[in-house]
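K.L.:
Here it is, the structure, as structure tokens.
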Amino acid sequence: MLTELQKDILGEMVNVYIGQAASLLSEMTGQEIRLNVPQVLLLTGDAIALDPRVTDDIWSQGHIVSSSLRFSQGLHGKTFLMFPAAQAKALVNACLGEMELCTSFSESRDLLDTDFDVLKEVANVILNSIMGGFGELLDTCLEYSVPEIEMLFAPDNEQRQFLSNQQNILLLKTELFLDAASVQGFIMIAFSMNSISLLLEKINAMTEDFSDYAG
Amino acid sequence: MLAEQVLERIDTGILLLDSSLRIVKCNQALKNLADKACEELCGKPVGEVFPRFAEVRYQHILRECLERGQVRFCSGMIHSAFVLPEDPLRQFRCRQNLQVKRLEDCGQYYVLLQITDISDHFERVFHLKHLIRDLGADYEQARTSGESMRKQAYYDHLTGVYNRAMFMIQLRHDMKQADRNQKLVSVLFLDLDAFKAVNDTYGHAIGDLLLQQVAGRLKACVRSSDTVARFGGDEFAIILTNITEAENVREVAEKIRLSLLAPYDLHGNSLTISASIGFSMYPADSQDPQALIDLADRAMYRVKFSCKNNVACYCDL
């Protein structure tokens, strides 16, 4: 569990990392994109599968598109960017400047192969920024896997099983604001036990520095 | 060597760059994409041969990969293409996905670029999206024309209020609703006095304008739950719902009569006109919708042939 101060520090850091991703995405798509992480949660073990903030917020919206990449070496784990399918479609259309398709077919959740490519890249940019930021924070190198993307739909019991397989999840609620759309998603970073300890140690060292400075 | 054969046979274009971003190796698929021979490529900075990679953002991606090991995927839907063929026509439709990955050998870092041609796929998607857009436009046209036909079927084209057909549908509905709520319904029949003289004196254009303004005033006098319709010529009918006693109807009819009496400004012509109004009550006067209209019409005619500019209830006859 995170203290309020740890949450604040993590939130601040993630928002800086994600700000860099936003400017890259803006440059790529030629439109202003703002990214925001208003909520940071750290959940561990069985609590993950039972926590309504995870199960309700992430899974309650039917099909979701999940982009993921593994990281290893200095830190170990897997990070996911997840969007409900309809939001993912809106995001793709906005990135490609095809908002008219968005409005005419707002009910459509059918994603083409090329849409998955766009989402894969968006996720790649965002997740690289965050993990690169954490790597820099811990002064360590990371080995990244090739990003993967999949459409998920799991009944309730399988959702819990999926979640309980993750040992420690850093959950970042994410908001993307584009010129013509606002899209909500989630970043989940599943850390190994050792990695989360490293990260928390670093955060604690920062809070001590902060206390010394304040004192 | 087998590995060399595999590299040459795969469909993905491969470029291997050294730490100074010079091309160390490429395969046949890459040469096909670029229409270039191997000697034109190897040893040269990638940004010199393929100008896209000289752009700051791609230099940044390549550097991030080299220095921090970051894997990057770039979609051809966003970036178009990285390795362009000589033929301008092929360039136009060219779309490529790019994957950037770091390799290490004997302590040296390399950047592996994998370029997949998705031009054919892009073209199919492009046509599919246009098809969807066209279908959307066709659907919108059909919907608008359906809406316009519905308007023609149920609305009076001159004044925009309901026509007789819609008035009958609404009246049946309101009668059923009144039964459920144990309320009364009233039908008002209204005829403008001496409207023919307006047409004869000022012309039909002014007459039409007057009818439009009359319809506007009628709508302003009743609630949104009530119904105003034009039956043709200078005849209008109104349904008042949720009535508890006939006296309430008389008050509304009187309000309408007075509202219509106020002068009209019709393209600079100021004129006044009065109306004769008759009304009937459901369920007291009849339980048949057409009969209710006929009885209100009869009450209106009683006013018309006596004093005009007045209100009468069928029950007064």
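Protein chains in written order, with the numbering used here: chain A, 1 to 215; chain B, 1 to 317. Quick reminder that beta carbons are idealized off the backbone N, C-alpha and C, glycines included. Treat the numbers as computed from the prediction; the structure is a model and nothing was measured.
Examine chain A for any beta-carbon lying closer than 8 Å to the beta-carbon of B/Gln70, and answer yes or no.
P.N.:
Counting from one through the second sequence, the residue named residue 70 of chain B turns up at place 70. Closer than 8 Å to some Cβ of chain A, the Cβ of B/Gln70 qualifies, so yes.
K.L.:
With 8 Å set as the bound, which would you pick, yes or no: does the beta-carbon of B/Phe82 sit closer than that to a beta-carbon of chain A?
P.N.:
Here residue 82 of chain B refers to the residue found at position 82 when the second sequence is read from its first residue. So, not an interface residue.
K.L.:
Measuring alpha carbon to alpha carbon, tell me which residue in B/His173, B/Asp11, B/Leu171 and B/Ala215 is nearest B/Leu158.
P.N.:
Within the second sequence, residue 158 of chain B is the residue found at index 158, counting from 1. The candidate whose alpha carbon is nearest that of B/Leu158 is B/Ala215.
K.L.:
Which residues, in chain order, does the region 104-135 of chain B contribute to contact with chain A at a C-beta distance below 8 Å?
P.N.:
Within the region 104-135 of chain B, the qualifying residues are Ile118, His121, Phe122, Val125, Leu128, Lys129, Ile132 and Arg133.
K.L.:
Could you work out which residue in B/Ser119, B/Leu209 and B/Arg68 is closest to A/Cys141 when comparing CA atoms only?
P.N.:
By 1-based counting over the first sequence, the position of residue 141 of chain A is 141. For A/Cys141, the nearest C-alpha among the options comes from B/Arg68.
K.L.:
Three-state secondary structure (DSSP) at B/Ile206?
P.N.:
As a first step, residue 206 of chain B must be located in the second sequence, where it is residue number 206. Helix at B/Ile206.
K.L.:
Does the region 130-141 of chain B touch the region 198-215 of chain B, meaning 3 or more C-beta pairs lie closer than 8 Å?
P.N.:
No, because fewer than three Cβ pairs between the region 198-215 of chain B and the region 130-141 of chain B fall closer than 8 Å, the two stretches do not touch.
K.L.:
For B/Ile239 and B/Ser186, I'd like the C-alpha separation in whole angstroms.
P.N.:
Along the second sequence, one-based indexing puts residue 239 of chain B at 239. Along the second sequence, one-based indexing puts residue 186 of chain B at 186. If you take the alpha carbons of B/Ile239 and B/Ser186, they lie about 6 Å apart.
K.L.:
A/Phe80 by DSSP, collapsed to three states: which one?
P.N.:
Taking the first sequence and counting its residues from 1, one reaches residue 80 of chain A at position 80. Note: A/Phe80 maps to strand in three-state DSSP.
K.L.:
Any C-beta of chain D within less than 9 Å: which residues of the region 125-136 of chain A qualify?
P.N.:
Protein chains A and B are contained in the structure displayed, whereas chain D is not.
K.L.:
Excluding the 5 residues flanking B/Ala165 on each side, which residues of the same chain have their C-beta closer than 8 Å to its C-beta?
P.N.:
Here residue 165 of chain B is taken as the residue at index 165 of the second sequence, counted from 1. The answer, listed in chain order, is Ala153 and Tyr154.
K.L.:
Keeping to the same chain, check which residues put their C-beta closer than 7 Å to that of B/Arg52; ignore five residues upstream and five downstream.
P.N.:
To locate residue 52 of chain B, count along the second sequence from 1; it is residue 52. Tyr58 and Phe82, listed in sequence order.
K.L.:
Using a Cβ-Cβ cut-off of 6 Å (strictly less than) and excluding sequence neighbours within five positions of A/Glu148, which residues of its own chain qualify?
P.N.:
Numbered from its first residue, the first sequence carries residue 148 of chain A at position 148. Contacts found: Ser68.
K.L.:
Out of A/Asn93, A/Arg70 and A/Val125, which has the shortest C-alpha to C-alpha gap to A/Leu112?
P.N.:
Position 112 of the first sequence holds residue 112 of chain A. When only C-alpha atoms are compared, the closest one is A/Asn93.
K.L.:
Excluding the 5 residues preceding and the 5 following A/Gly30 in the sequence, name in chain order all residues of the same chain whose CB lies nearer than 7 Å to its CB.
P.N.:
As a working note, residue 30 of chain A is residue 30 in the first sequence. Cβ within range, chain order: n/a, list empty.
K.L.:
For A/Ser108, which residues of its own chain have a beta-carbon under 6 Å away from its beta-carbon, when the five flanking residues on both sides are left out?
P.N.:
Position 108 of the first sequence, counting from 1, holds the residue named residue 108 of chain A. At A/Ser108 the pLDDT is 45, less than 50, meaning the model places this residue with poor confidence; the figure from the coordinates comes in the next sentence. There are no such residues.
K.L.:
Kindly indicate if chain B contains any beta-carbon less than 8 Å away from that of A/Val14.
P.N.:
For the purposes of this step, residue 14 of chain A is taken as the residue at position 14 of the first sequence. Closer than 8 Å: no.
K.L.:
Kindly confirm or deny that the region 165-181 of chain B and the region 123-132 of chain B touch, where touching means at least three C-beta pairs closer than 8 Å.
P.N.:
Touching, no, given that fewer than three Cβ pairs across the two stretches are closer than 8 Å.
K.L.:
Spell out a yes or no on whether the region 302-317 of chain B and the region 253-272 of chain B are touching, meaning 3 or more CB-CB pairs, one atom from each, closer than 8 Å.
P.N.:
The answer is yes - the region 253-272 of chain B touches the region 302-317 of chain B, with three or more Cβ pairs under 8 Å.
K.L.:
Between B/Arg230 and B/Leu210, what straight-line distance do the alpha-carbon atoms span, to the nearest angstrom?
P.N.:
In the second sequence, residue 230 of chain B corresponds to position 230, counting from 1. In the second sequence, residue 210 of chain B corresponds to position 210, counting from 1. Approximately 13 Å, taken between the alpha carbons.
K.L.:
Check whether the Cβ of B/Lys101 lies closer than 8 Å to any Cβ atom in chain A.
P.N.:
As a position in the second sequence, residue 101 of chain B is number 101, starting the count at 1. Answer yes: the Cβ-Cβ gap between B/Lys101 and chain A drops below 8 Å somewhere.
K.L.:
From B/Arg95 to A/Ala190, what does the alpha carbon distance come to, in whole angstroms?
P.N.:
In the second sequence, counting from the first residue as 1, residue 95 of chain B sits at position 95. In the first sequence, counting from the first residue as 1, residue 190 of chain A sits at position 190. Each residue's alpha carbon lies about 34 Å from the other.
K.L.:
Out of B/Leu7, B/Gly278, B/Gln287 and B/Lys183, point me to the one whose CA is closest to B/Ala299's CA.
P.N.:
Numbered from 1 along the second sequence, position 299 holds the residue referred to as residue 299 of chain B. Residue B/Gly278 is the option with its Cα nearest to B/Ala299.
K.L.:
Buried or exposed for B/Gln70, please, with buried defined as at least 16 other CB atoms from any protein chain shown within 10 angstroms of its CB.
P.N.:
On the second sequence, position 70 is the one that residue 70 of chain B refers to. The residue in question, B/Gln70, is buried, as its Cβ has 16 or more Cβ neighbours within 10 Å.
K.L.:
Indicate whether at least one CB of chain B lies closer than 8 Å to the CB of A/Asp117.
P.N.:
As a working mapping, residue 117 of chain A is identified with position 117 in the first sequence. Judged by the 8 Å Cβ criterion, A/Asp117 is in contact with chain B.
K.L.:
Tell me the rounded alpha-carbon separation between B/Val303 and B/Ser276.
P.N.:
Numbered from its first residue, the second sequence carries residue 303 of chain B at position 303. Numbered from its first residue, the second sequence carries residue 276 of chain B at position 276. Those two C-alpha atoms are separated by around 6 Å.
K.L.:
Secondary structure at A/Thr29, three-state DSSP: helix, strand or coil?
P.N.:
As a first step, residue 29 of chain A is located in the first sequence; it is residue number 29 there, counting from the start. In this structure, A/Thr29 counts as helix in the three-state DSSP scheme.
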